[in-house]
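Participant: I'd like to ask you about the structure that follows.
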Amino acid sequence: MNQTLEWDEDSRAERVADTFRGLFGGSPDGVWAAPGRVNLIGEHTDYNDGFALPMALPHTTLLAARARTDGQLRLHSAQGDGRITELAVAALDPDAVTGWAAYPAGVVWALAEAGHAVGGADLHFDSTVPTGAGLSSSAALECAVAVAYDELYGLRLPGPELARIAQRAENAFAGVPCGIMDQMASVCCTAEAALHLDARSPEHHRQVPFDLQGQGLRLLVIDTRVSHDLGDGAYAALRAGCERAAALLGLPALRDLPPGELAGALRILPAELAPLVRHVVTENARVAEAVSRLREGDLAALGPILTAGHASLRDDYRVSCPETDLAVTAALGAGALGARMTGGGFGGSVIALVEAGREDAVGASVTTAFDAAGHRPPRILCVTPAAGAHRLAPPPGTR
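Sequential numbering from 10 applies to the sequence shown in our numbering.
Below is the structure:
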């Protein structure tokens, strides 16, 4: 099993700055980091104005950035094709940029669209967030730009507003109709905690202690290596279905359907919409239960909540796949306290809560099951709750 990779961010920052100098000449104004995330519970609830409980990963996108005065935006990624993408800030348009560059360019566009006086920049990215794994690599890209631009152009925007800007970039510029959870997690999470998010009022988010080490527990992220693309239409269809159901029920959003009224609502909804509504309402309840258990210090009680969440995503929301189902089954069979797919679905990753010392056994069980089924070997990481987006180097005000 691949253990947690504890990257030295200061060393990574130095390497990213050195690469920046080779690409653009001269030093960056700073280096910023924004993490990927896993969602403990609360899937497909954020665009229904609901609740979620994500945590930031130690895996981050690093960004070396320098402001420009000529209105030009130059983008380069260590994970790209080696080319520098050059764009004019004044000409940014959702239809004009494709591929990975749409995510960072979209943030600059969204800032300008919101009325902020922003110009160009030279940007070099280097990421350890796995792509296509449901771990929000796109949000990490966006949020790195958001926090960097916030400092470069003296915007002084609060974290939830930066998250909204990044979400706007993904929705309107990159064309993915996601909720705000990924961006809020990347910007606002703190180390050793999970973020209790109210998607209707992100500014009221709360930190919930999540001390895995102190409770003798570990969290595994199992990347099934089944790549997902939330921009392919399936995600948008689910969101549209939820919005249609809310409208038929006369509600602003499915978040407003009390659990006690669920059974009655299901009887009057079209058959194709009822499972979506059942998932959203019960998933919001699972978030509330999880937060209660964590605040009581009973982290092990999160296990059955995870497993119940996976069953709902598999049977009602139907966003699981054979690989994620197999990973959950194999992890539970090897003694995991709970497991579920995480992220938008259609592939991606599974999380498993395990007792310390059981990591290798659970990882081996999943790997063996994948081999027997003819699947690609999974990538398995042991992760801890990390900090949200932050500046690494150099200190503000120095060059």
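The beta carbon of each residue, even a glycine, is placed where N, CA and C say it ideally should be.
Please name the residue or residues paired with residue 351 in a DSSP beta bridge.
Facilitator: Looking at the DSSP assignment, residue 351 forms a beta bridge with 358.
Participant: Do the CB positions of residue 373 and residue 340 come within less than 7 Å of each other?
Facilitator: Not a contact, by the Cβ cut-off of 7 Å.
Participant: List, from N- to C-terminal side, the beta strand (DSSP E) runs of 3 residues or more that fit wholly inside the segment 23-66.
Facilitator: Taking only runs of at least 3 residues, the beta strand (DSSP E) segments lying wholly in the segment 23-66 are 39-48.
Participant: Where do the N-terminal and C-terminal ends of the beta strand (DSSP E) with residue 133 fall, by residue?
Facilitator: Counting along the chain, the beta strand (DSSP E) containing residue 133 begins and ends at 129-136.
Participant: Name the two residues that bound the continuous alpha helix (DSSP H) containing residue 214.
Facilitator: Neither: residue 214 is in no alpha helix (DSSP H) and is coded neither H nor E.
Participant: Within 8 Å, do at least three Cβ pairs link the segment 152-170 to the segment 35-47?
Facilitator: Because the criterion of three Cβ pairs below 8 Å is met, the segment 35-47 and the segment 152-170 touch.
Participant: Could you tell me whether the Cβ atoms of residue 48 and residue 65 are closer together than 7 Å?
Facilitator: No. Outside cutoff.
Participant: Can you round the beta-carbon distance between residue 248 and residue 56 to whole angstroms, since I take them to be within the 8 Å contact cut?
Facilitator: At roughly 5 Å, the Cβ-Cβ gap stays under 8 Å, so residue 248 and residue 56 are in contact.
Participant: In whole angstroms, what separates the C-alpha of residue 81 from that of residue 326?
Facilitator: Each residue's alpha carbon lies about 43 Å from the other.
Participant: Rounded to a whole number of angstroms, what is the C-alpha to C-alpha distance between residue 245 and residue 28?
Facilitator: Their backbone Cα atoms lie some 38 Å apart in a straight line.
Participant: Using the rule of at least 16 other Cβ atoms within 10 Å of the residue's Cβ for burial, across every protein chain shown, is residue 333 buried or exposed?
Facilitator: Answer is buried; the Cβ neighbour count reaches 16.
Participant: Residue 103 and residue 182 - do their beta-carbons sit closer together than 7 Å?
Facilitator: Yes; because the gap between Cβ atoms is below 7 Å, this pair is in contact.
Participant: Is the beta carbon of residue 417 sitting closer than 7 Å to the one on residue 213?
Facilitator: Outside the shown range of the chain (10 to 408) lies residue 417, about which nothing can therefore be said.
Participant: Leaving out five residues before and five after residue 146 in sequence, what residues of the same chain have Cβ atoms less than 8 Å from its Cβ?
Facilitator: Excluding positions up to five away in sequence, the list reads 45, 70, 136, 138, 139 and 140.
Participant: Would you say residue 2 and residue 216 are within 7 Å of each other, going by their C-beta atoms?
Facilitator: The displayed coordinates of the chain run from 10 to 408. Any statement about residue 2 would go beyond what the structure contains.
Participant: Can you say whether residue 398 is buried or exposed, counting buried as having 16 or more other CB atoms within 10 angstroms of its CB?
Facilitator: Buried, since its Cβ has 16 or more Cβ neighbours within 10 Å.
Participant: Quick one: using the 10 Å Cβ neighbour count with 16 as the cut-off for buried, is residue 54 buried or exposed?
Facilitator: So residue 54 counts as buried.
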